[in-house]
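All remarks here apply to the structure that follows.
Set out below in structure tokens:
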């Protein structure tokens with residue numbers, strides 16, 4: 001922990017902040033606006049933001065759906081966030097690999113990460129291997 005950096009919480013979207021409630025494929029980026037908020041996680045994120053934590057959304061979504069994702073976060077849920085990090089278009093590597101890279105490039109030297117909210121087993125394992133506390137909000141063996 002580096003207390004000279006701003007305190008932040010890292011939050012995943014799919015399966016954590018958002019739940020697929022339609023027949024949308026997890027890779028159908030044009031339909032991400034159909035997802036429903038996970039109320040308990042949204043409540044926690046709002047409380048953390050109100051307490052002064054930076055909220056960094058770290059998503060495995062392809063950045064081709066950035067505008068839809070930003071709209072979903074901002075307008076539909078009013079989820080406060082300070083930064084949205086997403087995988088590059090057509091980057092088909094595993095989520096854990098992509099998120100580790102996003103962490104090293106954009107987070108590690110800029111934030112004092114308090115903890116992470118995520119659902120996917122492989123990603124939860126990766127955060128913990130990096131020495132971060134990770135709360136797994138749902139089963140994620142996929």
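Residue numbers (full-length UniProt numbering): 1 to 142. Every residue, glycine too, gets a C-beta built ideally from N, C-alpha and C.
According to DSSP, residues forming a beta bridge with residue i
i           : result
residue 134 : 116
residue 14  : 18
residue 62  : 87
residue 37  : 18
residue 57  : 11 and 84
Supposed close pair residue i, residue j - CB separation, criterion 8 angstroms
i          : j          : result
residue 13 : residue 59 : 4 angstroms
Contacts around residue i, its chain only, beta-carbon distance under 6 angstroms, and the 5 residues preceding and following it disregarded
i          : result
residue 84 : 57
residue 21 : 36
From the options, residue whose alpha carbon lies closest to that of residue i
i           : options             : result
residue 52  : 74, 26 and 6        : 6
residue 129 : 35, 37, 100 and 109 : 100
residue 133 : 139, 141 and 112    : 112
residue 15  : 32, 4, 3 and 2      : 32
Whether residue i touches residue j by CB criterion (8 angstroms)
i           : j           : result
residue 8   : residue 114 : yes
residue 140 : residue 119 : yes
Same chain only: Cβ atoms within 8 angstroms of residue i, ignoring 5 sequence neighbours per side
i          : result
residue 66 : 84 and 86
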